[in-house]
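A.B. asks: Count the sequence shown with our numbering and you get residues 300 to 914, in order.
Glycine included, C-beta positions come from ideal geometry on N, C-alpha and C.
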Amino acid sequence: MIIYNSTKRGFLNDIPNIENILTSNVRTKLGEEASEGEIRSWHNSLRYMARVVDSQAIPDDTGVALEYNIPVTNNRIDFIITGLDSKGISNIVMIELKQWQHVQTTEKDGLVVTRYEDGLKETTHPSYQVACYASLLYDFNEAVHLRKVSLHPCVFMHNYVDDGSICDARYQKYTEKAPVFCKNEEDKLREFITRNVSKSDRNKSIYIIENGKIVPSKSLIDCVVKMAQGNPEFKMIDEQKVAYQNILWAYDEYLRTGRKQVVIVKGGPGTGKSVIAVKLLVEMTRRKLLAHYVSKNSAPRNVFYKKFMESKDVHSSIKNLFKSSGGYFDKKVNELDMLIVDEAHRLQQFSGRYGNLGENQIKEIILAAKVSVFFIDEKQLVDFRDIGSVAAIEAWAKYEQADVHHHQLVAQLRCSGSDEYLNWLDHLLQFDNLQPVKLTGTTYEFKVFDSPSEMMEEIKKQNRYKNKSRMVAGYCWNWISKKNSRLKDIVIGDDFAYKWNLTNDKTWSISKGSVDQIGCIHTCQGLEFEYVGVIIGEDLVCKNGIVKVDPLKRASTDHSVRGMNVLKKRNLEEYKVKMRTIIKNTYRTLMTRGMKGCYVYVCDEELRNYIKQWI
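(1) Going along the chain, which residues of its own chain have a beta-carbon closer than 6 Å to the beta-carbon of Y909, five neighbours each way excluded?
(2) Roughly how far, in whole angstroms, is the beta-carbon of Y367 from the beta-carbon of I379, given that I think they are within contact range, below 8 Å?
(3) Whose C-beta lies closer than 8 Å to the C-beta of K534 among residues of the same chain, with five residues either side of it excluded?
(4) Below 8 Å CB to CB, which residues in the same chain sit around K611 once its five sequence neighbours on both sides are set aside?
(5) Given R346, which residues of its chain have a CB within under 7 Å of its CB, disregarding the five upstream and five downstream residues?
(6) Between V876 and the rest of its own chain, which residues show a CB-CB distance below 6 Å, the 5 nearest in sequence each way excluded?
(7) Looking at C-alpha atoms only, which residue of E827, E509, R446 is the closest neighbour of M300?
(8) Mapping the DSSP letters down to three states, classify L680 as helix, strand or coil.
(9) Answer with buried or exposed for E484, where buried requires no fewer than 16 other C-beta atoms within 10 angstroms of its C-beta.
(10) Measuring CB to CB, does L708 end up less than 8 Å from K572?
(11) Which residues mark the beginning and the end of the beta strand (DSSP E) in which F673 is found?
(12) Quick one: is R652 buried, meaning 16 or more other Cβ sit within 10 Å of its Cβ, or exposed?
(13) For the candidate residues S624, I507, V496, K559, whose alpha-carbon lies nearest to that of K697?
(14) According to the neighbour-count rule (16 or more other Cβ atoms, all chains shown, within 10 Å of its Cβ), is E582 buried or exposed?
(15) Three or more C-beta pairs under 8 Å: does that hold for the stretch 411-431 against the stretch 462-477?
(16) Could you say which of F795, I809, R645, K765 lies nearest to P751 if we only look at CA atoms?
(17) So, under 8 Å CB-CB, I882 and L851 are touching, yes? Tell me the CB distance rounded to an integer number of Å.
(18) If I'm right that H644 touches E677 with Cβ under 8 Å, what's the distance once you round it to whole angstroms?
(19) Answer yes or no: do V703 and R489 have a C-beta to C-beta separation smaller than 8 Å?
(20) State the CB to CB distance for the pair G625 and Q648, rounded to an integer number of angstroms; the pair is presumed to be in contact (CB under 8 Å).
(21) Check whether the stretch 498-514 touches the stretch 443-459, counting contact only when three or more Cβ pairs, one atom from each stretch, lie closer than 8 Å.
(22) Is it right to say A590 is buried, meaning 16 or more other beta carbons lie within 10 angstroms of its own, or is it exposed?
(23) Report the start-end ranges of each alpha helix (DSSP H) in the stretch 792-856 that is 4 residues or longer and not cut off at the edges.
(24) Counting beta carbon pairs with one atom in the stretch 375-395 and one in the stretch 323-330, are three or more of them shorter than 8 Å?
(25) Alpha carbons only, please: which of D467, T413, D408, S518 is nearest the one belonging to N440?
(26) Rounded to whole angstroms, what's the CA-CA distance from L656 to E663? Just pull it up for me.
(27) T806 and K618 look like a contact to me (Cβ under 8 Å); what is the Cβ gap, rounded to whole Å?
(28) Would you call R414 buried or exposed, if buried means 16 or more other Cβ atoms sit within 10 Å of its Cβ?
(29) Excluding sequence positions up to five away, which residues of its chain have a Cβ less than 7 Å from the Cβ of Y437?
(30) When you compare the stretch 889-906 with the stretch 739-757, are there three or more beta-carbon pairs, one atom per stretch, that lie closer than 8 Å?
(31) Would you report the Cα separation of S810 and E538, rounded to the nearest angstrom?
(32) What are the uninterrupted segments assigned as beta strand (DSSP E) that are 3 or more residues long and contained completely in the stretch 732-803, given in chain order?
(33) How many whole angstroms separate the CB atoms of C823 and S808, which I take to be in contact at a CB cut-off of 8 Å?
(34) Out of curiosity, what's the CA-to-CA distance linking R555 and F310?
(35) Would W913 be called buried (16 or more neighbouring beta carbons within 10 Å of its own) or exposed?
(36) Measuring alpha carbon to alpha carbon, tell me which residue in M348, D359, G418 is nearest C453.
So this is what it looks like as structure tokens:
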């Protein structure tokens with residue numbers, strides 16, 4: 300969607316009032332209010348652009364578009380100018396406008412540091428940013444890639460005096476794709492524009508990007524299919540194949556009836572929910588349909604994306620197929636063909652960094668897609684804000700008049716394929732008043748350690764072979780290293796001191812060397828290892844043979860229990876039930892991440908002895 304569309308001459312005429320025009324258009328077209336920061340940037344940056352394009356070398360009837368909202372994303376392109384070059388080829392020049400005055404380089408690929416109102420922050424290099432926008436436009440707008448419209452991204456930093464940082468050699472692969480023009484380089488930017496736009500195309504290119512059919516390009520389809528075909532991790536067996544085919548049938552049912560379809564797939568740990576989800580994403584993309592893999596937790600998205608990235612000939616737009624569950628509150632009805640929600644039990648009511656956007660993520664996902672698929676395990680609700688349940692999905696499906704289909708995955712592929720281990724664990728943690736039983740009838744390796752250091756040594760030993768073993772812990776230690784990297788977060792005794800997994804490592808579970816950090820529920824849920832070591836903190840204890848929880852031992856930096864004190868004052872009994880559910884579900888989830896084995900160290904001595912008793 301284009302917020303503002305005119306010609307060069309029309310844009311220059313509108314400049315005295317441009318921020319008011321854009322504010323009104325945002326309200327009318329998007330149904331929202333522009334922020335003060337946006338209005339300031341329009342007032343400042345667009346006046347610089349007016350000086351650039353106010354040239355006889357650029358025809359007055361050249362097309363100009365502002366704030367183009369890239370389809371199926373929340374990203375906008377600041378400034379677009381379109382036309383024909385000297386050879387009559389249609390060109391779109393895309394300009395990312397930055398008011399930055401200072402930039403610092405980093406050692407991280409495609410990242411820089413700049414100053415915002417609240418201090419210095421890491422962010423993407425603007426050339427990387429606008430080059431990705433160009434890739435997205437090409438890969439998801441059929442008219443752009445079929446009509447061979449050329450895209451030319453660039454960056455204009457009108458307040459920045461070039462000191463070598465923004466064009467440092469480490470960013471060369473991005474600045475070559477999207478050159479940067481700095482303060483006092485208006486002539487160079489104008490030359491870049493006129494080299495690509497010297498004649499009017501009577502707004503044809505703007506019409507193309509505004510009205511082109513939104514489907515994945517052939518090159519993106521070929522890349523996704525090729526990567527999935529070559530990856531043995533995405534092979535389906537038996538009931539996984541049955542569920543997969545029935546979900547595809549649900550899309551055919553939508554085509555026949557025009558009615559929304561909602562598919563709920565229940566399955567415990569290791570039943571192949573994520574495998575089906577990724578296979579569905581590949582197949583829908585292969586059919587030139589718009590589909591997203593969706594999760595609330597970023598860990599599985601980042602890991603699957605990185606696994607795709609390991610392939611040669613990787614396509615940059617693949618990342619746009621993996622989305623957060625909080626990104627659909629502003630989508631149109633049936634904007635996407637299929638939304639595939641992994642870990643649907645983790646869906647929350649509100650979206651946005653401050654939880655102030657949207658109404659209900661379940662409702663928004665069903666509304667945005669013709670077919671919505673929810674993979675769910677209700678025993679993995681681990682956050683006070685989690686609302687994902689079969690009942691809630693069914694209720695919203697009924698509200699949207701959607702047909703509902705149910706599937707159950709039973710076959711256990713993790714924990715050495717052992718249902719006995721999962722049943723034993725439910726008894727051990729005393730879910731639903733179950734009583735503990737002996738662990739028998741399984742080859743799954745389960746061991747209790749008396750020392751966390753010894754457990755870490757065993758995990759490191761197992762990790763040497765395939766980099767597939769990790770240590771995790773209950774969230775009972777504050778994340779003090781986040782503000783002071785010299786400190787250790789988890790300190791037990793005199794010989795055990797480790798950090799929570801690094802803030803900048805989004806793929807901790809598969810990154811080399813990351814075995815020296817400890818993961819938590821938020822960084823490992825939805826993922827699996829060969830061996831997992833679990834530190835059970837003091838929030839889970841045993842008193843006279845009864846497994847109990849102690850919410851006061853949870854870390855103050857754990858956002859998953861924020862708001863519980865308000866509930867405690869309002870309804871003490873409901874508070875107790877919720878905290879018992881969250882803490883027990885957390886450890887059940889952590890203790891089912893291992894495919895071959897699970898090791899535990901227990902802080903509470905009585906609980907440690909209790910577990911040993913039932914091995």
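C.D. replies: Short version:
(1) Here residue 909 refers to the residue found at position 610 when the sequence shown is read from its first residue. Non-local beta-carbon contacts of Y909 in its own chain, meaning distances under 6 Å to residues more than five positions away in sequence, involve C841 in chain order.
(2) Numbered from its first residue, the sequence shown carries residue 367 at position 68. Numbered from its first residue, the sequence shown carries residue 379 at position 80. Confirmed, Cβ separation roughly 6 Å.
(3) Working through the sequence shown from its first residue, we reach residue 534 at position 235. Within the same chain, K534 has close Cβ partners V574.
(4) Here residue 611 corresponds to residue number 312 of the sequence shown, with the count starting at 1. Its pLDDT being 49, under 50, K611 is placed unreliably in this model, and the value from its coordinates should be taken loosely. There are no such residues.
(5) Taking the sequence shown and counting its residues from 1, one reaches residue 346 at position 47. Within the same chain, R346 has close Cβ partners I314.
(6) Residue mapping note: residue 876 aligns to position 577 of the sequence shown, counting from 1. Excluding residues within five positions, none has a Cβ falling inside 6 Å.
(7) Counting from 1 along the sequence shown, the entry for residue 300 is found at position 1. The option with the nearest alpha carbon to M300 is E509.
(8) Here residue 680 corresponds to residue number 381 of the sequence shown, with the count starting at 1. Of the three classes helix, strand and coil, the one that applies to L680 here is coil, per DSSP.
(9) If you number the sequence shown from 1, residue 484 lands on position 185. Counting Cβ neighbours within 10 Å, E484 comes out buried, since at least 16 surround it.
(10) Against the sequence shown, residue 708 aligns to sequence position 409. Against the sequence shown, residue 572 aligns to sequence position 273. Contact flag set, yes.
(11) Here residue 673 refers to the residue found at position 374 of the sequence shown. Per DSSP, the unbroken beta strand (DSSP E) holding F673 starts and ends at 668-675.
(12) In the sequence shown, the residue the question calls residue 652 occupies position 353. It counts as exposed.
(13) Position 398 of the sequence shown, counted from the start, is the residue given in the question as residue 697. Among S624, I507, V496, K559, the Cα nearest to that of K697 is on K559.
(14) To locate residue 582, count along the sequence shown from 1; it is residue 283. When all chains shown are included, E582 counts as buried.
(15) The stretch 411-431, when compared against the stretch 462-477, does touch it at the 8 Å Cβ threshold.
(16) Counting from one through the sequence shown, the residue named residue 751 turns up at place 452. Answer by Cα proximity: F795.
(17) In the sequence shown, counting from the first residue as 1, residue 882 sits at position 583. In the sequence shown, counting from the first residue as 1, residue 851 sits at position 552. Not a contact, Cβ separation roughly 11 Å.
(18) Against the sequence shown, residue 644 aligns to sequence position 345. Against the sequence shown, residue 677 aligns to sequence position 378. Indeed they touch by this definition, with Cβ atoms about 6 Å apart.
(19) Position 404 of the sequence shown holds residue 703. Position 190 of the sequence shown holds residue 489. Their beta carbons are not under 8 Å apart, which means V703 does not touch R489 by this criterion.
(20) Within the sequence shown, the letter at position 326 stands for residue 625. Within the sequence shown, the letter at position 349 stands for residue 648. Not a contact, Cβ separation roughly 10 Å.
(21) Under the 8 Å Cβ criterion, the stretch 498-514 counts as touching the stretch 443-459, having at least three qualifying pairs.
(22) Start at 1 with the first residue of the sequence shown, and residue 590 comes out as number 291. Classification of A590: buried, given that the 10 Å Cβ count is 16 or more.
(23) 820-823
(24) no
(25) In the sequence shown, counting from the first residue as 1, residue 440 sits at position 141. Here the closest residue by C-alpha is S518.
(26) To locate residue 656, count along the sequence shown from 1; it is residue 357. To locate residue 663, count along the sequence shown from 1; it is residue 364. Looking at the two C-alpha atoms, the distance is approximately 11 Å.
(27) Locating residue 806 in the sequence shown gives position 507, where the first residue counts as 1. Locating residue 618 in the sequence shown gives position 319, where the first residue counts as 1. Rounded, the Cβ-Cβ distance is 13 Å, inconsistent with contact.
(28) What you label residue 414 is simply residue 115 of the sequence shown in a count that begins at 1. Result: exposed.
(29) Residue 437 sits at position 138 when you count from the first residue of the sequence shown. Answer for Y437: V443, H444, L450, S516, listed in chain order.
(30) The stretch 889-906, when compared against the stretch 739-757, does touch it at the 8 Å Cβ threshold.
(31) What you label residue 810 is simply residue 511 of the sequence shown in a count that begins at 1. What you label residue 538 is simply residue 239 of the sequence shown in a count that begins at 1. Looking at the backbone, the Cα of S810 and that of E538 are separated by about 31 Å.
(32) 744-748, 768-772, 789-791, 795-799, all fully within the stretch 732-803.
(33) The residue you call residue 823 lines up with position 524 of the sequence shown. The residue you call residue 808 lines up with position 509 of the sequence shown. Yes, C823 and S808 are in contact; Cβ-Cβ is about 6 Å, under 8 Å.
(34) Taking the sequence shown and counting its residues from 1, the one referred to as residue 555 is at position 256. Taking the sequence shown and counting its residues from 1, the one referred to as residue 310 is at position 11. In a straight line, the C-alpha of R555 is about 46 Å away from that of F310.
(35) Working through the sequence shown from its first residue, we reach residue 913 at position 614. By the neighbour-count rule (16 or more Cβ atoms within 10 Å), W913 is not buried but exposed.
(36) Taking the sequence shown and counting its residues from 1, the one referred to as residue 453 is at position 154. Comparing Cα positions, the closest option is M348.
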